[in-house]
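Here is the structure we will look at, set down as structure tokens.
In our numbering, the protein residues as written are -19 to 50.
Structure representation (structure tokens):
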């Protein structure tokens, strides 16, 4: 079965947001000299994913914003 309202028809058993969130966090952590604008670009892409594919998961948007603030 797939999530309703998603444009990409992501299977329910695939936690795409969590996978990308963890990977982005690792990239940012490993690149201590990464420019702020690159960090914001990665987090913006993740926020767009959450808005397009997980509209009812408001905590995903909050998580992105909290991580960007750090």
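Cβ atoms here follow ideal geometry from the backbone N, Cα and C, with glycine treated the same way.
Since the model is a prediction, treat every value here as computed from it, not as a measurement.
- Inclusion of residue 38 and residue -3 in the CB contact set at 7 Å is not warranted, their separation being larger than that value.
- About 11 Å separates the beta carbon of residue 4 from that of residue 27, a gap too long to meet the 8 Å contact definition.
- DSSP places residue 46 in the uninterrupted alpha helix (DSSP H) bounded by 38 to 49.
- The shortest CA-to-CA distance from residue 6 to any of 22, 45, -11 and 36 is the one to 22.
- Inter-residue distance for residue 35 and residue 24 is about 15 Å (C-alpha atoms, whole angstroms).
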